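Structure first, commentary second.
Numbering (this note's numbering), first residue to last: 1015 to 1478.
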């Protein structure tokens, strides 16, 4: 593999939109980056890891922050100091991370708590209105970084840290006041968010109470935005869309790596795809909200005698549950089971008993649940728009984003094809497990991040 780094792009693998995919396997990354890496022991580098959201007992962004922190702290070539919010203290004090890394708590609750309450009021309650939530909580994150700088100002001046890495927040709309206050090279990411609402489904934005979307790009004129990108040493984009949001005038190094990963302790990697012992089983998992597309799955099954002979399990809860159960009842779908909310162990058991994972989310910038299904050997069926399609690659079925009737027909055809084709299921299911194993375990992702650190430091004249 050819390596051709430049001051502005890291070229490893195939290009996409001016960005270059940083390969997921350890061997590919090492081959691409290691010009002077010999058998001699490598020095330990000191990393200041900012993970404002970092909690092993929560889901979504806090769990991503925790998994990055844990995986990096377990490496022998890194000495990690984690900065987070005290709301995570109870969970982290009981977690092995607190024994592997120094954990420092930056208490900005004096501003974060009231702004969180205001955001919930403005967005009309819990759930929905994500853009409103991000906008109202912007000042509290700025306060967090400014307080963090006060706490570490002397350490930064004395050169205690080789590199600063901000992992969370994930949103590209939050700048870094710290970036312009220190000479220590700073990396942010993976950043992900801002995927446009699909024009084919204009009702979704209204139902999700996303009233501020037309004003979202105003973050570019807020304080600290330009100074952040003038001083950052590198940015990791977590999606191809987010890569387009990084300013064209940014002179630092650019990387691509999706933010989600898999913990094999929680979701053990399956040997491969499993043949059904009874009816072919589809499982889908997620919050039951309009944009997740669970209604599309119900409609696809309702219109197919072949799929009525299969089993469909819907795991999750949310405001759309009543509508979904009513739709299944009207269509007399006795083969559909609504399991409600399940813990991760139970979700893992349900996935292990299934063959395919229909997940036609219409606006998903992450999609970590897709990796969980792939790790269990299921064949994923996703819409080719946003995060899930980037996670799946060629190890699943990607449906073009089309208007509802056409998408339902495509989904139905894909589900029917899988239910009747053991060979295709085995090929794709086995490929899904291999893809997760090589690219998306947290150990593999920590290796990728360490290689990014190495490249970033080398670009500034520091050999590692």
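The beta-carbon is built from N, C-alpha and C at its ideal position, and this holds for glycine as well. The structure displayed is predicted, hence computed values, not measured ones.
DSSP lists 1329 as the beta-bridge partner residues of residue 1354. By the Cβ criterion, the stretch 1179-1188 is in contact with the stretch 1199-1208, since at least three pairs of Cβ atoms, one from each stretch, lie closer than 8 Å.
Nearest in C-alpha terms to residue 1288, of all of 1317, 1159, 1387, 1467, is 1387. Residue 1218 and residue 1097 have their C-alpha atoms roughly 36 Å apart.
When DSSP assignments are scanned along the stretch 1382-1454, the uninterrupted stretches of alpha helix (DSSP H) that are 4 or more residues long and fall wholly within it turn out to be 1382-1389, 1401-1406, 1418-1433, 1436-1449.
For residue 1166, the three-state secondary structure derived from DSSP is helix. For residue 1178, the enclosing beta strand (DSSP E) starts and ends at 1177-1182.
Counted as a single uninterrupted DSSP element, the alpha helix (DSSP H) harbouring residue 1133 occupies residues 1123-1136.
Within the model, the alpha-carbon separation for residue 1452 versus residue 1458 is close to 7 Å. If you ignore the 5 residues before and after residue 1093, its C-beta comes within less than 6 Å of the C-beta of 1058, 1060, all in its own chain and listed in chain order.
Comparing C-alpha distances from residue 1323 to each of 1334, 1295, 1090 shows the shortest one belongs to 1295.
Residue range 1111-1114 is occupied by the alpha helix (DSSP H) that includes residue 1113. Between the stretch 1369-1383 and the stretch 1300-1315, the count of C-beta pairs closer than 8 Å reaches three or more; the two stretches touch.
Excluding its 5 nearest sequence neighbours in each direction, residue 1062 has C-beta neighbours in its own chain below 6 Å: 1095, 1175, 1178, listed in chain order.
Looking at 1249, 1197, 1068, the one whose alpha-carbon comes closest to that of residue 1262 is 1249. CA-CA distance, residue 1456 to residue 1278, rounds to 8 Å. Between residue 1224 and residue 1234, the alpha-carbon positions lie close to 19 Å from each other. For residue 1291 and residue 1190, the gap between their C-alpha atoms comes out near 53 Å. Across the structure, residue 1466 and residue 1167 are spaced so that their CA atoms are roughly 25 Å apart. Looking only at 1349, 1395, 1385, the smallest Cα-Cα distance to residue 1371 is reached by 1395. Taking the CA atoms as reference points, residue 1247 sits about 15 Å from residue 1205. When DSSP reads this structure, residue 1378 sits in a beta bridge with 1400. Here residue 1200 carries a strand assignment [DSSP, helix/strand/coil].
According to the DSSP assignment, residue 1173 belongs to no alpha helix (DSSP H), since it is labelled neither H nor E. Note that the C-beta distance between residue 1105 and residue 1069 is below 8 Å. The DSSP-derived three-state label of residue 1223 is coil. Between the stretch 1409-1422 and the stretch 1341-1355 there are fewer than three inter-stretch CB-CB distances shorter than 8 Å, so the stretches are not counted as touching.
Straight-line spacing of the CA atoms in residue 1083 and residue 1075 works out to 12 Å. Counting the other Cβ atoms within 10 Å of the Cβ of residue 1110 gives fewer than 16, which makes it exposed. Residue pairing from DSSP places residue 1117 in a beta bridge opposite 1096. Looking from the CA of residue 1134, the closest CA among 1276, 1122, 1147 belongs to 1147.
For residue 1260, the secondary structure class from DSSP, reduced to helix, strand or coil, is coil. Per DSSP, reduced to three states, the secondary structure at residue 1267 is strand. With respect to the 8 Å criterion, residue 1365 and residue 1447 are not classified as neighbours on the basis of their beta carbons. Secondary structure of residue 1058 (DSSP, three-state): coil.
For residue 1248, the enclosing beta strand (DSSP E) covers residues 1248-1251.
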